[in-house]
Amino acid sequence: MSLKTLLAISLFLLVNSIAVFILSGKAHAKPSATFSVNDTTDLIDDDLADGICHTAAETCTLRAAIMQANALGGMNTISLPAGIYTLTIPGAYEDYALTGDLDIQNDLTINGTGATAAIVNGNQLDRLFEVFNPAKAIMSGITIRNGNAMDGGGIKNHGALWISDTVIIDNRAIAGGGIFNSGIMRITNSIIESNSSNGNGANCGGIGNAGNLETANTIVRANQTSNAGGGICNSAGATSDLQTLTVVSNTAQYGAGIFNTNNATLTVSYSLINNNVAQVSGGGISAGGQCVLLNTTVSGNIAQFAGGGIENGGSASIINVTLSGNYITNTQAGGTGGNIYTGYNSGSSIQLFNTIIANSSTTGNCHFEPGTFIISLGHNLSDDNTCNLNAMGDITNANPLLGPLQNNGGTTLTHALLSTSLAINAGDNTNCPPNDQRGVSRPQAGICDIGAYEFVFPFLLYFPVLLR
0 MSLKTLLAIS
10 LFLLVNSIAV
20 FILSGKAHAK
30 PSATFSVNDT
40 TDLIDDDLAD
50 GICHTAAETC
60 TLRAAIMQAN
70 ALGGMNTISL
80 PAGIYTLTIP
90 GAYEDYALTG
100 DLDIQNDLTI
110 NGTGATAAIV
120 NGNQLDRLFE
130 VFNPAKAIMS
140 GITIRNGNAM
150 DGGGIKNHGA
160 LWISDTVIID
170 NRAIAGGGIF
180 NSGIMRITNS
190 IIESNSSNGN
200 GANCGGIGNA
210 GNLETANTIV
220 RANQTSNAGG
230 GICNSAGATS
240 DLQTLTVVSN
250 TAQYGAGIFN
260 TNNATLTVSY
270 SLINNNVAQV
280 SGGGISAGGQ
290 CVLLNTTVSG
300 NIAQFAGGGI
310 ENGGSASIIN
320 VTLSGNYITN
330 TQAGGTGGNI
340 YTGYNSGSSI
350 QLFNTIIANS
360 STTGNCHFEP
370 GTFIISLGHN
380 LSDDNTCNLN
390 AMGDITNANP
400 LLGPLQNNGG
410 TTLTHALLST
420 SLAINAGDNT
430 NCPPNDQRGV
440 SRPQAGICDI
450 GAYEFVFPFL
460 LYFPVLLR
C-alpha cells in the first residue's frame with residue numbers, strides 16, 4: 000500500500016470519527032420547542048413526559064407551557080398572544096409551577112405580543128415569576144401585575160434574566176415590590192411602576208437588587224416603600240449599572256429615588272432622577288458604598304431633613320452632573336443640604352467635577368458634617384458658596400442659567416444651558432465624557448461645558464453648509 004493511499008485512508012477514518020462524535024453529541028443534546036399558548040385560564044399540563052403543552056381541557060396555558068419547558072430542558076420558547084392570564088391556583092412556596100407563581104427552572108424565552116396586550120395577573124396569590132439558577136430567561140412584550148410575595152412581588156430572579164418592552168406594575172412585597180434580583184438581570188425599554196414594599200423590614204419599592212443589575216431606556220416611576228429605596232435599592236455586595244434611566248416620583252423614608260447601601264456599587268449615567276420624595280433623607284439618591292454619577296440630571300427631588308438631591312455616606316464621584324432645584328422641607332428642625340448632604344458615615348466623601356449645583360430653595364446647596372468631605376476636582380459651578388469649591392476653574396455665586404426640565408433630545412429630560420450661561424466652555428476636557436446626557440458629542444466648541452448638557456452653538460449647525 001502506497002503512502003498516498005495510507006494517508007487517504009487515515010484522513011477518511013479521522014473525518015468519520017469526527018462526524019460520529021458530532022452526531023453522537025447531537026443525539027444527546029437537549030431538545031427545544033416553541034409552545035403557543037391558546038388559553039388564558041390557569042390549568043396545569045396533564046402529561047410532562049409527552050413534550051406537548053396540553054391540559055385536561057385540551058388547550059395550552061401559560062402555566063402548562065412553563066411546566067413542559069421545565070421538563071423538556073434546553074432553550075424553549077413560549078409565544079403569548081393578547082389576553083389577560085390570571086393565576087388562580089393557590090399555594091405559595093412551591094417551586095415547580097404547579098401552584099402559585101410560575102417557576103422557571105430551565106432556559107426559556109417568553110415572547111408576548113406587547114405589554115398593553117399580553118397581561119399576566121398574579122391575582123394577589125403569589126408573585127408571578129421566579130427564575131431559578133442556572134436558568135437563563137428572556138421576557139418581552141408583557142405586563143406583570145398584581146403579584147404579592149415576601150420578596151419580589153412581580154419577579155424573583157436567581158438566574159440570568161433579560162426583561163425588555165415590559166411593564167411591571169402594582170405588585171407588592173416586603174422586599175422588592177416589583178422585582179427582587181439576586182442573580183444577573185438586564186432591563187431595557189421597560190416600565191417599573193406603582194409597586195410597593197411595606198411592613199417590618201420593608202425595602203425597595205420598585206427593584207431590590209442583591210446581584211448584578213443593568214438598565215437601559217427604562218422608567219422607574221411612582222414606586223413606594225415604608226423604609227429605604229422607593230425606586231431602586233442596592234444591598235451589600237450588589238452592583239448596579241444604570242444607564243438611560245428615568246427615576247421619577249418614587250417615595251421612601253431614605254433614598255426615595257435610589258438607595259445604595261454600604262459595600263454596594265452603583266453607577267448612574269445618562270439618566271434623570273426627578274421629583275422623588277424622602278420623608279427623612281436622600282430625596283434623589285442615598286449613596287453609601289461606592290457611587291458614580293455621570294452625565295445625569297438630579298432635579299426637583301425633596302427630603303425632609305437632609306440631602307434633597309443626594310445624601311452621601313460613602314465614596315461618591317459626581318462627573319458632568321446637573322443638580323438643580325432639589326430642596327429640604329424641614330429647615331426649622333435643622334434640615335440642610337438642599338442639593339448635596341454628606342455626613343451619616345464618618346470619613347465619607349463626595350468628589351465634584353464639571354458639575355452644576357444650583358437652585359436649591361433651602362439653607363444652601365451643600366452641607367458636610369465634621370469628618371466628612373466635599374472635594375472639588377475643578378470646573379464646577381454653584382450659585383452659592385456652600386460646596387467647598389476652591390479648585391481650578393470653579394465658579395461660585397453665579398447663576399448657571401438653566402432652561403426648564405424638558406425634552407431637549409435623547410432618551411431622558413434635561414435642563415438646557417441658555418446661550419449666556421457661564422457653564423458653556425468652562426469645563427475641563429481632560430476627563431470630560433465623550434457625550435452629554437442626550438448623546439450629543441463633547442466638546443462642541445473646543446471646550447467641554449459644565450453639567451450634563453452640552454450647548455450646541457447655532458452657527459455650528461450651518462457651518463458645514465457654508466463650506467459647500
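So for the sequence shown, numbering that gives the first Met the number 0 puts the first residue at 0; every next one is plus one. Cβ atoms here follow ideal geometry from the backbone N, Cα and C, with glycine treated the same way.
Asked                                                                                                              : Found
Per-residue DSSP class, three states only, for Ile65                                                               : helix
From Ser418, Thr250 and Ser189, residue whose alpha carbon lies closest to that of Val276                          : Thr250
Contact belief for Leu388 with Ile355 at Cβ below 8 Å, rounded distance in angstroms                               : Not a contact, Cβ separation roughly 11 Å.
N-terminal and C-terminal residue of the beta strand (DSSP E) that Ala357 is part of                               : Ile355 to Ala357
Bridge partners - Ile143, DSSP secondary structure assignment                                                      : Val119 and Ile167
Check whether Met74 and Ser31 have beta carbons under 7 Å apart                                                    : yes
Separation of Thr260 from Ala201, as counted between CA atoms                                                      : 14 Å
For Gln443, the residue or residues it bridges with in DSSP                                                        : Beta-bridge pairing links Gln443 to no other residue.
Residues near Leu468 in its chain [Cβ-Cβ closer than 8 Å; skip 5 each side]                                        : Outside the displayed span of the chain (0 to 467) sits residue 468, for which this structure offers no information.
Distance CB(Val219)-CB(Gly230) smaller than 7 Å                                                                    : yes
Nearest-angstrom beta carbon gap, Ser298 and Ser323 [assumed within contact, 8 Å]                                  : 5 Å
Outcome for Pro369 when other beta-carbon atoms lying within 10 angstroms are tallied against a minimum of 16      : exposed
Cβ distance (whole Å) where Asn226 is taken to contact Gln252 below 8 Å                                            : 5 Å
The beta strand (DSSP E) enclosing Asp240, as first and last residue numbers                                       : Thr238 to Gln242
Whole-number beta carbon distance between Ile168 and Ser193, since they are thought to touch under 8 Å             : 5 Å
Close-in-space but distant-in-sequence residues of the same chain around Met149 (CB under 8 Å, 5 per side omitted) : Ala172, Ile173 and Ala174
For Ala70, the three-state DSSP class (helix, strand or coil)                                                      : helix
The segment 140-149 in contact with the segment 103-118 per 3-pair CB rule at 8 Å                                  : yes
Ala28 to Ala68 span [Cα, whole Å]                                                                                  : Only weak support exists for where Ala28 lies, its pLDDT of 41 falling under 50; the value from the coordinates is given anyway. One C-alpha to the other measures close to 15 Å.
Sub-7 Å separation of Thr228 and Cys203 beta-carbons                                                               : Looking at the sequence provided, one finds Gly at residue 228 rather than Thr. In this structure, Cys203 lies closer than 7 Å to Gly228 by Cβ.
Cα-Cα separation between Cys290 and Gly313, rounded to whole angstroms                                             : 8 Å
Local Cβ density within 10 Å of Asn468, reported as buried at 16 or more and exposed below that                    : Nothing can be reported for residue 468: it is not among the residues displayed for the chain, which extend from 0 to 467.
Contact set for Ser482: own chain, Cβ-Cβ below 6 Å, skip 5 residues either direction                               : Any question about residue 482 goes unanswered here, given that the chain covers just 0 to 467.
When Ala397, Leu401, Gln303 and His378 are compared against Ala390, the one with the closest alpha-carbon          : His378
Met391, enclosing beta strand (DSSP E) - first and last residue                                                    : Looking at the DSSP string, Met391 is not in any beta strand (DSSP E), and its letter there is neither H nor E.
Residue range of the beta strand (DSSP E) that includes Asp102                                                     : Leu101 to Ile103
Cα-Cα separation between Gln405 and Phe454, rounded to whole angstroms                                             : 15 Å
Enclosing beta strand (DSSP E) for Gln436 [first to last residue]                                                  : No beta strand (DSSP E) contains Gln436, which DSSP labels as neither H nor E.
Candidates Thr296, Gln278, Ala159 and Asn338: closest to Gly306 by CA position                                     : Asn338
Under the three-state DSSP convention, the category Ala361 falls into                                              : In the sequence as displayed, the identity of residue 361 is Thr instead of Ala. Coil, per DSSP.
For Ser234 and Phe179, the rounded distance between their alpha carbons                                            : 11 Å
Endpoints, the beta strand (DSSP E) within which Asn75 is located                                                  : Asn75 to Leu79
Sequence-distant residues of its chain with Cβ nearer than 6 Å to Ser280 (five each side left out)                 : Tyr253, Ala302, Phe304, Ala305, Gly306 and Glu310
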